[in-house]
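Take a look at the structure set out below.
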Amino acid sequence: PVIAKLGRSGVDVQTDQLGEEEFRIVTHQNKSRRYVLLLARTPVALKYAAQELVFFRMPATKDTASVDWPINIQKNPQFAYRGIYMLPCWAQHDSVAHWRRVLEFNSELTCNRNYFWLDGFPLLPQYGGEYVGTDLAQPANVRSLIALCKQLGMKFLIGGGSDDEGVDIITA
264 PVIAKLGRSG VDVQTDQLGE EEFRIVTHQN KSRRYVLLLA RTPVALKYAA QELVFFRMPA
324 TKDTASVDWP INIQKNPQFA YRGIYMLPCW AQHDSVAHWR RVLEFNSELT CNRNYFWLDG
384 FPLLPQYGGE YVGTDLAQPA NVRSLIALCK QLGMKFLIGG GSDDEGVDII TA
């Protein structure tokens with residue numbers, strides 16, 4: 264209701280021309296009332312707008328915080344695919360909670376792809392059985408990481424890498 268009211272009063276609050284990950288941050292003052300508007304078409308773009316505001320437009324110290332004024336920006340990520348190639352075999356004994364935090368941090372970096380190299384051979388005894396008994400050996404735990412990525416607006420791509428014909432990638 265507040266944004267619609269501001270729109271009726273002449274403030275440009277349109278989002279229909281914005282792309283999937285594009286956002287606008289606009290400040291507006293009406294008499295003694297001040298507004299910071301985060302405008303986006305999608306939840307992911309709104310998340311990026313909030314990150315832009317908090318990380319780059321709100322100077323803060325231990326005692327104070329303020330918002331840059333005025334702001335009138337429109338941004339879209341420069342690269343469509345922003346991802347990290349992760350090798351969980353180097354940290355296979357880490358907890359699911361740790362991997363969740365890694366994925367959340369990737370989201371904070373505005374990554375939208377996580378390439379998770381999770382080949383089956385570390386489960387086999389002849390290859391050292393590195394994943395046996397670990398959180399990553401449980402399909403439900405890997406599914407929970409996939410669900411988290413979806414919730415955060417990221418893709419979770421599982422790679423095998425052992426196929427002679429090329430890397431198998433499953434998009435989840």
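Counting from 1, position 139 in the sequence shown corresponds to residue 402 in this note's numbering; the numbering is continuous, with no gaps. Built from N, CA and C at the ideal position, the CB exists for glycine as well.
| query | result |
| --- | --- |
| Name the residue from Gly270, Phe319, Trp380, Pro264 whose alpha carbon lies nearest to the alpha carbon of Glu371. | Phe319 |
| If we count Cβ pairs, one from each stretch, closer than 8 Å, do we get three or more for the stretch 399–407 versus the stretch 330–344? | no |
| Any idea what DSSP makes of Arg436, helix, strand or coil? | Because the chain spans 264 through 435 in this model, residue 436 falls outside it and cannot be assessed. |
| Could you tell me which residues DSSP pairs with Gln292 in its beta bridges? | Arg297 |
| Would you call the CB atoms of Tyr311 and Glu284 closer than 8 Å? | yes |
| Note the first and the last residue of the continuous beta strand (DSSP E) segment covering Lys325. | Note, Lys325: premise wrong, no beta strand (DSSP E); not H, not E. |
| Assign Trp380 to one of three DSSP states: helix, strand, or coil. | strand |
| CA-CA distance, Leu302 and Val395? | 47 Å |
| Identify the residues that DSSP records as bridge partners of Gly346: which are they? | Arg376 |
| Three-state secondary structure (DSSP) at Ile409? | helix |
| In whole angstroms, what is the alpha-carbon distance linking Met349 and Phe419? | 11 Å |
| To which residues does DSSP link Ala303 through a beta bridge? | Phe286 |
| Distance, Cα to Cα, Arg363 vs Asp357? | 10 Å |
| Work out the CA separation of Asp279 and Asp398 for me, nearest whole Å. | 43 Å |
| Would you report the Cα separation of Asn377 and Leu366, rounded to the nearest angstrom? | 8 Å |
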